[in-house]
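Numbered per our numbering, the sequence shown spans residues 50 to 293.
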Amino acid sequence: MLEDVSLTVPEHGIFGLIGPNGAGKTTVFNLISGLLAPSAGTIDWAGRRLDGMAPFRITRAGIARTFQNIRVFREMTLIENVLVAMGDHSRDNVFRLILPLSRFREVEQREEKTARELLSRVGLADKARLLAGTLSYGEQRRLELARALATEPKLLLLDEPAAGMNSVEKQHLMNEVTRLDESGLSILIIEHDMRFIMGLCEQVAVLNFGRLIARGSPDEIRANPEVIEGRDDEPGPGSGANLP
């Protein structure tokens, strides 16, 4: 449950959302993406109200997300996974049914080329024809990112994207997120790896027990007395995120 949480995500840039387990971070994502409806207040993006809008319409409005629990089609190949995400986003699926065969194949080839480019961006191009279920946990995380990018978002919500990744994979992900930022995408990240999030984000917000207790630059968050007190109160490993 969230209590009077007000967040403004910058039009461009990388914004972090941190806090202990159960603080309400994923609830924020579920509200933005339409999986939950707010009991009060509004959710606005690019001049449109999102609260009450169906999740697929929110995706079409330019918002994509990954999930804390990976959501990929394990019995499909990687390229099929990305193509499905592209098709779910497209408004033109019905019109493709009446295309001449030559034109249909042209569209199909163009989409497959785009899907391969997305897999290349996340370092999975050489595994395009493998089943998603054969990938490691970290690789499935990267596939989920490719699927999110396939919807051509303006705002990307990443829920613990570095979970299960080794140090090399995390660095690759940091590089890709930086490139996405440079392309003009708005990015909101939930992550427990504080070196990862503090090294990427320009602004960070801290949630605790459903309340927003701090917001500022990484240095301001590290020095915030309420955040420091919250760290001292944590009961043990795995309860929350430790600032470096």
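Cβ atoms here follow ideal geometry from the backbone N, Cα and C, with glycine treated the same way. Since we're looking at a predicted model, the values are computed, not measured.
Where residue i falls: helix, strand or coil (DSSP)
i, result
"R114", "strand"
"F258", "coil"
"R159", "helix"
"L237", "strand"
"A211", "coil"
"V54", "coil"
Rounded C-alpha distance that separates residue i from residue j
i, j, result
"L207", "V77", "12 angstroms"
"F258", "E275", "13 angstroms"
"S235", "E161", "26 angstroms"
"H241", "L85", "23 angstroms"
"G187", "G265", "30 angstroms"
"D175", "S169", "8 angstroms"
"L28", "A199", "The structure shown does not extend to residue 28, since the chain spans only 50 to 293, so no value can be given for it."
"D53", "A89", "9 angstroms"
"M102", "A110", "10 angstroms"
"L261", "M247", "18 angstroms"
"R228", "M214", "19 angstroms"
"R114", "L222", "15 angstroms"
For residue i, the nearest candidate out of the options (CA to CA)
i, options, result
"S82", "T126, P104, R98", "P104"
"I63", "L261, N273, G233, E269", "G233"
"E231", "E251, T75, G73", "E251"
"I67", "H61, T75, E60", "T75"
"S55", "L80, N70, D268", "L80"
Integer Cβ distance of residue i from residue j, believed to fall under 8 angstroms
i, j, result
"R196", "V121", "7 angstroms"
"T126", "L180", "6 angstroms"
"G73", "L51", "5 angstroms"
"V171", "L194", "5 angstroms"
"M135", "T108", "Contact flag wrong, Cβ pair sits at about 12 angstroms."
"I239", "R178", "Between R178 and I239 the Cβ distance is about 32 angstroms, and since that is not below 8 angstroms, they are no contact."
CB contact below 8 angstroms: residue i versus chain B
i, result
"L207", "Looking at the structure shown, chain B is missing, and only one protein chain is on hand."
Inset, instruction - Entirely within the region 69-129 and at least 3 residues each: give me those beta strand (DSSP E) ranges in chain order. - result: 112-114
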